[in-house]
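> So the sequence shown is numbered by the UniProt record's numbering: it starts at 1 and just counts up by one. We put the CB at the ideal spot given by N, CA and C, even for glycine. Small disclaimer: the values here were computed from a predicted structure and weren't measured.
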Amino acid sequence: MTNKLDELYEKYNILSEAKDDIDKFSNVYVECIESVKGSEKEKKLAAQIISKFFKNFPDHQEQALNALCDLCEDDESTIRISAIQVLPLLCKNSKELTLRIANILVQLLELDGQDFTTTCHSFIQVYRMEDPLVTLRVIFNYMYGLTNIQTREKCVQFVYKKLVKIDEKMTAEVNDLLIKGGKTILQDSTAAEFLTIIKFLTTSKLIKTTAGQQELVNDIADRAELGKDFYPNDDENLNCDRILFCTEYALPLFNANVQSTAFVKFYCDQILNKWDDIGKLDNGTQLQYQFLKQLAELSLHCGELDTPSAYVVQIFDKLKRYMPLPPEDGDIDNMPNLDFTAVECLLFAFHRLARQCPDFLTSDPAVLKDFRLRLNYFSRGIGGCKRSLDKVDVQKNADEKIKLAPAVLDNINALIRDLFYTTPIYKCNVQLSFKSVAPKAKAIEKPEAAPTTATQKRHVPIHFDSSNGATNKHARPARGTDNVKIYQPPSGKFSNNFQGFERQGGRGGRGRGRGVKSTRGGPRNWRN
1 MTNKLDELYE KYNILSEAKD DIDKFSNVYV ECIESVKGSE KEKKLAAQII SKFFKNFPDH
61 QEQALNALCD LCEDDESTIR ISAIQVLPLL CKNSKELTLR IANILVQLLE LDGQDFTTTC
121 HSFIQVYRME DPLVTLRVIF NYMYGLTNIQ TREKCVQFVY KKLVKIDEKM TAEVNDLLIK
181 GGKTILQDST AAEFLTIIKF LTTSKLIKTT AGQQELVNDI ADRAELGKDF YPNDDENLNC
241 DRILFCTEYA LPLFNANVQS TAFVKFYCDQ ILNKWDDIGK LDNGTQLQYQ FLKQLAELSL
301 HCGELDTPSA YVVQIFDKLK RYMPLPPEDG DIDNMPNLDF TAVECLLFAF HRLARQCPDF
361 LTSDPAVLKD FRLRLNYFSR GIGGCKRSLD KVDVQKNADE KIKLAPAVLD NINALIRDLF
421 YTTPIYKCNV QLSFKSVAPK AKAIEKPEAA PTTATQKRHV PIHFDSSNGA TNKHARPARG
481 TDNVKIYQPP SGKFSNNFQG FERQGGRGGR GRGRGVKSTR GGPRNWRN
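Have a look at this one:
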């Protein structure tokens, strides 16, 4: 074995010293190529010799390339890495091989660990060496045909987290391909892919025009499957998580020109209609709070509804659940637990959408009377809570619920005042308590204000036991949970980066057979 390795070193020396006469030693080069069948050390040395003198023996390039490909598939990781590292060197003086080398490398992205890292580094070298557009097309064509979810997720992260960063002055063609490719993958993305791609798309030139913003909103709506019936109990497809996930990244895109009408319709028709089913799920109360928060935000930019009363009534019915009637015995001093967070969201959405059907409350005097009894009773609870808060230094209090409470109560009061006019009006504008003070303006005239909401405050549900005006920070929530936390999607493969639905930038089966069924305890997925 040692003799063969020594012989290989001698052949290397022969080729190195040949200089201008190197073409006379093609037989030596061929013998070096054949050494890829030797020991581990011989294979590593052979890979270096093949790449170093590749340009000098054009007649043997096919044989040499095939030999390196064999080494890339070797059982020993160190040998694979040695071969992968030298592949970019073949392109230096043989540009015509760039496309082929890129195709080889992109297939090696399926490897794990150090093999994957080395492959990424080699691919980047090829990307820089030749036309990035051609190289990028190779990896997208490869990703489109992938059937392995984990491999495609790795490829997506490689493209949108590494390649885009090394080309700071990318051409318009490359940028267009990244947008087009991302939008294509987005249609059938996993949660991890969705997050990676949406962060790129929401900072790309796509959102610098109204048409581009609308295009991206449509893509997100398609991924959320707004055109399908909603089944919250479908554990395999994680429908609740998919809707919440997609909507959270669509919200910053809505404005006066890009309307949220389709999302509002879906939330009213599907989400609110399955309210009890959602509440029975694990973390059901947290899911409900997140849906309510999003519905309130969506209502801000809802366009004209075809039959507004059909959607408003869904909100109205849920609102009455959280706004009880006064007790029949007339005892208004001992009030039940009041869910101010749910009421703020629902009342805000009702106030925004009911202006499209101003006769909703007035068409039936009995409905208006009943609703005003609820509003008046709820107002008493607000008054009691405000009196208790006056005794607390809100700003110094560590409880986030207490800090948000004044804004929540003021918002509800302002909305209620509008509804107590002889003919209810819908004129007041309030800032939702869980939104940051800075507006999320995205007018095309100011593209720099594109959606970035990393500073957005978390939505902390607020409940108080309003008996006798006393504030109880530990009161039992009206929906039966003792400590409501911000909704977190399932851990594991679903999304390791998605925390608390705070936007930070920005799963399924393809028709070609990419579907992956998830089981309890395994990786969770929202691919269909």
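Quick check: L292 and T341, are their CB atoms within less than 9 Å of each other?
It is a contact, given that the beta carbons lie within the stated cut-off.
> When the distance is taken between beta carbons, is K205 closer than 9 Å to I179?
Going by C-beta atoms, I179 is nearer than 9 Å to K205.
> Find the nearest neighbour of I33 within the set T203, I243, K55 and L65, judged by alpha-carbon distance.
Of T203, I243, K55 and L65, the residue nearest in Cα terms is L65.
> Could I get the ranges of all uninterrupted alpha helix (DSSP H) runs contained in the segment 358–406, with 4 residues as the minimum, in chain order?
Complete alpha helix (DSSP H) runs here, min 4: 365–389.
> Nearest to D70 by CA position, among P88, S35 and F53, is which residue?
Nearest of P88, S35 and F53 to D70, Cα basis: S35.
> In angstroms, rounded to a whole number, what distance separates the CA positions of A256 and H301?
Roughly 6 Å separates the two Cα atoms.
> Shortest alpha-carbon distance to K322 belongs to which of Y231, L338, Y249 and Q214?
The residue you asked about is not Lys; residue 322 is Tyr in the sequence shown. With distances taken between Cα atoms, Y322 lies closest to L338.
> Is the segment 132–143 touching the segment 95–109 in the sense that three or more CB pairs, one from each, lie closer than 8 Å?
Contact holds: three or more Cβ-Cβ distances are below 8 Å.
> At which residues does the alpha helix (DSSP H) containing F254 begin and terminate?
Looking at the DSSP string, F254 is not in any alpha helix (DSSP H), and its letter there is neither H nor E.
> For F53, which of helix, strand or coil comes out of DSSP?
Three-state DSSP puts F53 in coil, outside helix and strand.
> Quick check on P58: buried or exposed, where buried means 16 or more other Cβ atoms within 10 Å of its Cβ?
Exposed is the call here.
> Quick one: is V134 buried, meaning 16 or more other Cβ sit within 10 Å of its Cβ, or exposed?
Exposed, by the Cβ-count rule.
> Could you tell me which of I22, T117, I49 and C268 sits nearest to P308, measuring between CA atoms?
It is C268.
> So, helix, strand or coil for residue 577, using DSSP?
Lying outside 1 to 528, the shown extent of the chain, residue 577 is not represented and no answer is given.
> Please classify A211 as buried or exposed, where buried requires at least 16 neighbouring CB atoms within 10 angstroms.
It is exposed - the Cβ of A211 has fewer than 16 other Cβ atoms within 10 Å.
> Does the ligand PLP have a heavy atom nearer than 8 Å to the CB of I22?
For the ligand PLP, the structure offers nothing, since it holds no ligand at all.
> Based on Cα-Cα distance, which residue from P132, V156 and Y377 lies nearest to I166?
Closest option to I166, Cα to Cα, is P132.
> Assuming R374 contacts K320 (C-beta within less than 8 Å), just tell me the rounded distance between them.
With a Cβ gap of about 6 Å, R374 and K320 count as contacting.
> Look up D317 in the DSSP assignment and say whether it is helix, strand or coil.
Looking at D317 - three-state DSSP - the assignment turns out to be helix.
> Can you tell me whether Y9 is buried or exposed? The criterion is at least 16 other CB atoms within 10 Å of its CB, across all chains shown.
Exposed.
> Work out the CA separation of I207 and K92 for me, nearest whole Å.
Distance between the alpha carbons of K92 and I207 is about 38 Å.
> Distance check for D410 and I462, CA to CA, integer angstroms please.
At I462 the pLDDT is 43, less than 50, meaning the model places this residue with poor confidence; the figure from the coordinates comes in the next sentence. Straight-line Cα distance between these residues: approximately 13 Å.
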